[in-house]
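Asker: Please read through the structure below; I'll follow up with questions.
Residue numbers (the numbering used here): 1 to 1264.
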């Protein structure tokens, strides 16, 4: 306060240092700065303050620098505090840099800052300017031009510490000093109080700096400066004090295990497990030191005395009543001048510090946890209302001298009282505060928390996170060393240990987000984590959402010293276990984690509280607590948000589910997560998304073989654009483009995207990606309620240890009662069914003469065997399809034994490499009995021994059989063509479409002509259901009707056939032919669901097999002959370019809703009846009722039954669907209990009358 004291409410005479906030409990009552010494005539001069019951020693205001005096008018004008937030300064800095407007009232604190040179803009307590000397310094500021004059108009701003900073000034010359009854020294004290908003001990700490300036002309000798503290810890009559001389720490703790038990537990007591509070004397005054023959220097003093007294009126340890007695306490003496003594005689013996023993400057220096040391607890002292003084001196205070006295107030929760406590925790906390002081009060900031936006829906809450401009994590640039902000110190938080070790990795970097549901409105972000374990305190919060970068960093563990064991013991705290699945910025919540019932579903019109934080990571050297170099390793790899954007307090988001969609009558045409219908204009790729062409596009492709503008099913396009806020979705058309450098034939991971909104063809706005497509990053387009999540995908074969490019596969039978399709399921090791060579086993060496002639080795293209488990949704098809490069190779008929291995289905090593794996297409293979959709194919021989094959055909070559053109005779048998051009040709009962290129693909199938009894010799794709022969267990495999899906645009296999025919006399062209293969399957038929007749189309029910793998984004022109809408020259390749519309997803308004009467029926008042309490109330003083399900503009008039108008309420906010009523009349007084009528005028709906009954609770007398 401006009377030299602080921490108490002088008007109510109650403590005001409330901790925790809103608890009603206080750990401090009052404190002040004491200064005293002697002038050259030996006159004692003291400036001190206690409770002002004897008058004042301090008055507001800065003294005249010449006269060291001040007028009463100036005192009155200086009677105020100047408070400023770090977030305000941060915003001011950002706007000043960018030329923004800084003239708004939100920057009044900066504009009116009482700094030198700013007299014209300052504003004192009377509203007028202050009297400031041009030759004196006042409140600190950042002097950008170095002229010593504050000029906010040129971007200068207050130079503060902490997140909230308060500055004021007092003096001892404003009037006659009545507290000490000594004459004025001409002392001016500029006080700075500041605090931090953090997730650790700093959140419960405060700091203070007294800048003591001797404006007078006197030299004061034997000067001491002290901090006097009456720190009532909850209940004021049961406290003990102690100190740590090494740390300069004064401590108050509870004299019993439960605070307040001596006083019947008053409301302000802490009860069981009370806290401790300590004051650390960081920095004392300067003592000049003369050195003969050398330049003079100075010594910075620390705490030199720690004394105390009781709240008593008589005795040596009683309240001081004049300057002499105050000076005695400051200098290590009791009230009447005798010295304090160490009178500790052992445990259980009362000690006052004023008995027999050696003189001491410090009392009660022991730890209550060690009864062999001198503490009040070990001495079993009588609990009392204590005050303590820590001081520094003596020194000579010269005229004009300035001394900074800095101390901090630290707090330890739940450490208990005597006899079950010690000082280890408070000392550990104080060490952190001391380290902060030594670092110049500079904190290491984690990434600032995102703004959590909530959309209230019916029994659901949708959230999305925004990093606003001004945040140190804007566009998630926290810790980035590349991009637009790579050189900005704002985004760089250095790990001091890493810097000291001169390692390259010195910065914390953004890693992820965490979202918590809070138990109630009173829980703050600082209470989420248990102060002892550092982990989530589930009595206060539950983690409901987490996401992090996909970088193989999952569990992050911090370490802290175990203060209760030893200074070298450490305990791990698991801070987060990440999903490692990429950054998402939106999610929805449907359950209440604090619900006490089995059904945890959210309840409409009930408030829920959430907070989001970001976190960073640096692990430059994994922590090792053993050995002498433990301090060179990282014990704090995790760092979380301490603030919101720009340094504000982390915001709490309140969500109240309701069915009104913002304003009642609004109809949503989309939902959270709804996808869009994408049209691909040009380009390739799927970005790892599961794509599916529309039926219309598929029909076009079947007819035309390809399509220039492919349309995808809703939410199944190659770009991931989704709805996050269905209320905000606009009726617009959009263009999405990818652009950037190439890496080979694909877009580089450095590529970026743009999204352009159009209305009636005109550009509305273009939005650009915040990051490249290197990683998963959901970017929220807040204005339009959309999100974009684009990542360049790695093709199969690139990242084997990360899914190897596989996304999914499935089979769908149109008639589920006819699961007719099966296959040869891959086996392992030396089984003849080991036809998929995923894995890395290399234990077989084929021999061509004796022994085992077969090669069972894996080819190492799929070492984690991802592709051995395709079509796991249908067991008969599981392990029956694979990428062609993984299929077992055939080396020709082996010499010597002539044994047929029977399972090889790939021609030698043709195309069996990672390059071909990377070319795997997204395919829909459709089996159908509609012959108009069948595919013209060639048929190849699958019999290994040409001597057994029809007409001695060689394996993998064309079948030596007349072609089948689809004709059947009257009996339903195939009629073969006698045209030589048709030889080896047939029809496959279905088709394949590449879902990314929009092309129909070629298909080849084989059969073993030796297995005629299993339909292997008829040129028809009609496998049997036999796997092995019942006679000799030889491989039959359904007649080996193997299917090869080629990667080429459909031409009836013309190119494949030409290559095979040109292969003689070498196999070069044959290899080139099979190099076109991409997928291969080994199908059979389920005997329980046989094929139909050839005449009926074979296929019992339409069946679709879907193959989905990563396809990197790449340039690709859909029409190489002409220019398209992007105006590229004909023939040029084109970057990915897509269009879509959100017109059908935009919400419908109340005006479009036909059921106005039904909407009126949904308007209610809740709770009704009201029995003195509602779930919307947050304290015993609060009363609240809601009128719900309202449109944007509504007026509610509340009447008593006799027609008297009690209250009128209104709303015009389209984003809320209710009105709160505080159950008071228009005069603000509580209403009487009874029945009331509510007349609701709902604009756009009509009018309705509601009846409401309220039974009011008695007035809470404790309020007054």
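Each residue gets a CB set at the ideal place from its N, CA and C atoms; glycine is no exception.
Values in this document were obtained by computation on a predicted structure and should not be read as measured data.
Find the nearest neighbour of residue 193 within the set 918, 627, 330, 33, judged by alpha-carbon distance.
Answerer: Nearest of 918, 627, 330, 33 to residue 193, Cα basis: 33.
Asker: Taking the alpha-carbon positions, what's the residue 505 to residue 613 distance?
Answerer: Their Cα atoms are separated by approximately 23 Å.
Asker: The ligand MG and residue 31: does any heavy atom of the ligand fall closer than 7 Å to the residue's C-beta?
Answerer: Within the structure as shown, the ligand MG is missing, as the structure has no ligands at all.
Asker: What three-state label does DSSP hand residue 646 in the structure shown?
Answerer: Residue state, collapsed to three classes: helix.
Asker: Can you list, in chain order, the residues of its chain with a C-beta nearer than 7 Å to that of residue 439? Leave out the 5 residues immediately preceding and following it.
Answerer: Around residue 439: no qualifying Cβ.
Asker: Return the first residue and the last residue of the beta strand (DSSP E) that residue 509 is part of.
Answerer: 509-518 is the span of the beta strand (DSSP E), which, as asked, contains residue 509.
Asker: Please classify residue 75: does DSSP put it in a helix, a strand, or coil?
Answerer: Of the three classes helix, strand and coil, the one that applies to residue 75 here is helix, per DSSP.
Asker: Quick check on this structure: which residue in 112, 134, 636, 621 has the alpha carbon closest to the alpha carbon of residue 127?
Answerer: That would be 112, whose Cα lies nearest to the Cα of residue 127.
Asker: Determine the burial state of residue 124: buried for a count of at least 16 other Cβ atoms within 10 Å of its Cβ, exposed for fewer.
Answerer: It is buried - the Cβ of residue 124 has at least 16 other Cβ atoms within 10 Å.
Asker: Near residue 820, what residues of its chain come up, given a Cβ to Cβ distance below 8 Å and the 5 sequence neighbours on each side ignored?
Answerer: 813, 1085, 1086, 1089, 1090, 1091, 1099, 1100, 1101, 1103.
Asker: From the DSSP output, read off the bridge partner residues of residue 609.
Answerer: DSSP output for residue 609 lists 518, 654 as bridge partner(s).
Asker: Looking only at its chain, what residues have a beta carbon closer than 7 Å to the beta carbon of residue 1252, apart from the 5 residues adjacent to it on each side?
Answerer: Closer than 7 Å at Cβ, skipping near neighbours: 1165, 1168, 1236, 1238.
Asker: Are there 16 or more other CB atoms within 10 angstroms of the CB of residue 703, so buried, or fewer, so exposed?
Answerer: Label assigned to residue 703: exposed.
Asker: Mind listing, in chain order, the continuous beta strand (DSSP E) runs of no fewer than 3 residues lying wholly within the region 368-444?
Answerer: Entirely contained in the region 368-444, the beta strand (DSSP E) runs reaching 3 residues are, in chain order, 386-397, 402-412.
Asker: Assess, as a yes-or-no matter, whether the region 448-466 is touched by the region 313-325 under the definition of 3 or more beta carbon pairs within less than 8 Å.
Answerer: No, they do not touch.
Asker: Is the beta carbon of residue 1196 less than 8 Å from the beta carbon of residue 1240?
Answerer: Yes, these two residues count as a Cβ contact at 8 Å.
Asker: Using a Cβ-Cβ cut-off of 7 Å (strictly less than) and excluding sequence neighbours within five positions of residue 1039, which residues of its own chain qualify?
Answerer: If we look at residue 1039 and ignore the five residues flanking it on each side, its Cβ neighbours are 1007, 1008, 1011, 1014, 1015, 1016, 1023, 1024.
Asker: Pick out whichever of 176, 159, 130, 115 has its Cα sitting closest to the Cα of residue 149.
Answerer: Measuring from the Cα of residue 149, the nearest candidate turns out to be 115.
Asker: Scan the region 962-1001 and note each continuous beta strand (DSSP E) run of 3 residues or more that stays entirely inside, going in chain order.
Answerer: Taking only runs of at least 3 residues, the beta strand (DSSP E) segments lying wholly in the region 962-1001 are 964-968, 974-976, 985-988, 990-994.
Asker: Are the CB atoms of residue 1000 and residue 991 nearer to each other than 8 Å?
Answerer: Against a cut-off of 8 Å, the Cβ pair of residue 991 and residue 1000 comes out as a contact.
Asker: Residues in its own chain within less than 6 Å of residue 916 by CB, not counting five upstream and five downstream?
Answerer: Cβ within range, chain order: 885.
Asker: Between residue 862 and residue 800, is the Cβ-Cβ spacing less than 8 Å?
Answerer: Against a cut-off of 8 Å, the Cβ pair of residue 800 and residue 862 comes out as a contact.
Asker: What whole-angstrom Cβ distance do residue 1142 and residue 729 have, given they're in contact under 8 Å?
Answerer: Residue 1142 to residue 729, Cβ: 5 Å. Contact.
Asker: On the three-state DSSP scale, how would you describe residue 1041?
Answerer: In this structure, residue 1041 counts as coil in the three-state DSSP scheme.
Asker: Taking the alpha-carbon of residue 794 as reference, which of 541, 1161, 1154, 745 has the nearest alpha-carbon?
Answerer: Cα-wise, what sits closest to residue 794 is 745.
Asker: Using 10 angstroms around the beta-carbon of residue 1034, count the other beta-carbons present and answer buried if the total reaches 16, otherwise exposed.
Answerer: Exposed: under 16 other Cβ atoms inside 10 Å.
Asker: Less than 6 Å between C-beta atoms, sequence neighbours within five positions excluded: which residues of the same chain meet that for residue 464?
Answerer: Result list for residue 464: 453, 585, 586, 724, 780, in chain order.
Asker: With a cut-off of 8 Å on the beta carbons, I'd call residue 1212 and residue 1192 a contact; round off their distance for me.
Answerer: With a Cβ gap of about 7 Å, residue 1212 and residue 1192 count as contacting.
Asker: Taking contact to mean 3 or more Cβ pairs, one atom from each stretch, closer than 8 Å, check whether the region 263-270 and the region 298-310 are in contact.
Answerer: Flag = no, the region 263-270 and the region 298-310 do not touch.
Asker: Note down the Cα distance separating residue 1249 from residue 1228, rounded to an integer number of angstroms.
Answerer: One C-alpha to the other measures close to 23 Å.
Asker: With 16 as the cutoff for other CB atoms within 10 Å, does residue 297 come out buried or exposed?
Answerer: Exposed.
Asker: So within the region 1032-1109, which uninterrupted alpha helix (DSSP H) runs reach at least 4 residues, ignoring any that extend past its ends?
Answerer: Complete alpha helix (DSSP H) runs here, min 4: 1054-1061, 1068-1074.
Asker: Tell me whether residue 759 sits in a helix, a strand or coil according to DSSP, three-state version.
Answerer: Correct three-state label for residue 759: strand.
Asker: Going by the CB atoms, is the gap between residue 522 and residue 840 shorter than 8 Å?
Answerer: Cβ atoms of residue 840 and residue 522: not closer than 8 Å.
Asker: Could you spell out the range, first to last residue, of the alpha helix (DSSP H) harbouring residue 86?
Answerer: 86-98 is the span of the alpha helix (DSSP H), which, as asked, contains residue 86.
Asker: Under the rule that 16 or more other beta-carbon atoms within 10 Å means buried, what is residue 776, buried or exposed?
Answerer: Burial call: buried.
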